[in-house]
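Residues 4 to 169 (the working numbering) are what the sequence shown spells out, left to right.
For reference, the structure discussed in these notes is given below.
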Amino acid sequence: MQAKERIAYDVVVVGAGPAGAHAAGLLAHGGLRVALVDRRARGQAGAQWVNGVAFWMLEAAGVARPAELQGKPDCGPPFTMCVPGSDRRLRVEDNPVADLDMRAFGLELIERFEAADSGDALWEHHVSDVELDGQGRVVGIMVRELSSGALKCLRANVFIDASGLS
4 MQAKERIAYD VVVVGAGPAG AHAAGLLAHG GLRVALVDRR ARGQAGAQWV
54 NGVAFWMLEA AGVARPAELQ GKPDCGPPFT MCVPGSDRRL RVEDNPVADL
104 DMRAFGLELI ERFEAADSGD ALWEHHVSDV ELDGQGRVVG IMVRELSSGA
154 LKCLRANVFI DASGLS
């Protein structure tokens with residue numbers, strides 16, 4: 004089926020969870036024209052749970068501390084690990100991991116991406132086909148808007164698959 008609209012980008016990122024939104028944001032703020040595609044609605048993409056994240060990981064990724072962790076100490080609450088059926092326990096007092104609401108964190112990263120002038124978010128779009136060149140390299144993807152069924156062909160030099168497990 005032929006796409007009605009063909010759009011050229013420098014980079015297309017498929018998957019708007021924290022990894023995809025962060026990659027798209029870095030690239031868009033770096034001046035590249037970026038499309039961020041997700042089959043879910045804005046605010047529903049990506050991880051939907053609370054996850055333990057070490058502060059050093061955020062720093063290494065160049066991600067500002069999320070709003071929910073601003074002004075908090077660089078360590079999370081103490082925790083205890085134990086083995087069922089055993090008296091052995093390990094208590095970590097100076098826990099370098101903070102509990103992070105990944106939904107809120109992902110939304111912050113999406114907002115950073117959307118603040119770039121060179122980024123386009125395509126919410127509720129499903130990747131329906133992939134176009135390969137003669138060497139098997141991806142040169143385009145077809146996306147279908149879920150509400151209207153409209154097709155778009157996104158062409159780019161680089162494609163990033165951040166679609167996750169689902």
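The C-beta atom is built at its ideal place from N, Cα and C for all residues, glycine as well.
On the three-state DSSP scale, how would you describe residue i?
i      : result
LEU35  : coil
ALA50  : coil
LEU61  : helix
ALA101 : strand
ALA119 : coil
GLY109 : helix
GLY18  : coil
LEU149 : coil
GLY28  : helix
GLY74  : coil
Quick one: is residue i buried, meaning 16 or more other Cβ sit within 10 Å of its Cβ, or exposed?
i      : result
ARG115 : buried
GLY74  : exposed
PRO76  : exposed
TRP59  : exposed
GLU8   : exposed
ALA19  : buried
ARG42  : buried
GLU111 : buried
Would you call the CB atoms of residue i and residue j closer than 7 Å?
i      : j      : result
ALA159 : VAL17  : no
ASP102 : VAL142 : no
LEU157 : HIS129 : no
PRO81  : GLU96  : yes
CYS85  : PRO99  : no
GLN51  : ARG106 : yes
ILE113 : ALA22  : no
Using C-beta distances below 6 Å, list every residue in its chain close to residue i, excluding the 5 sequence neighbours before and after it, in chain order.
i      : result
ASP164 : VAL17
SER131 : MET145 and ARG147
SER121 : ALA31 and ARG36
SER166 : VAL17 and GLY18
PRO69  : PHE108 and GLU111
Name the residue from the options whose alpha carbon lies nearest to the alpha carbon of residue i.
i      : options                        : result
VAL161 : ALA22, HIS25 and ALA38         : ALA38
GLU117 : GLY34, GLY137, ARG9 and ALA11  : GLY34
GLY109 : GLU62, ALA27 and ALA11         : ALA27
VAL66  : ASP13, GLN47, GLU134 and LEU29 : LEU29
Using a threshold of 6 Å, is the CB atom of residue i nearer than that to any non-hydrogen atom of the ligand ZN?
i     : result
VAL56 : With respect to small molecules bound, the structure shown includes none, and the ligand ZN cannot be examined in it.
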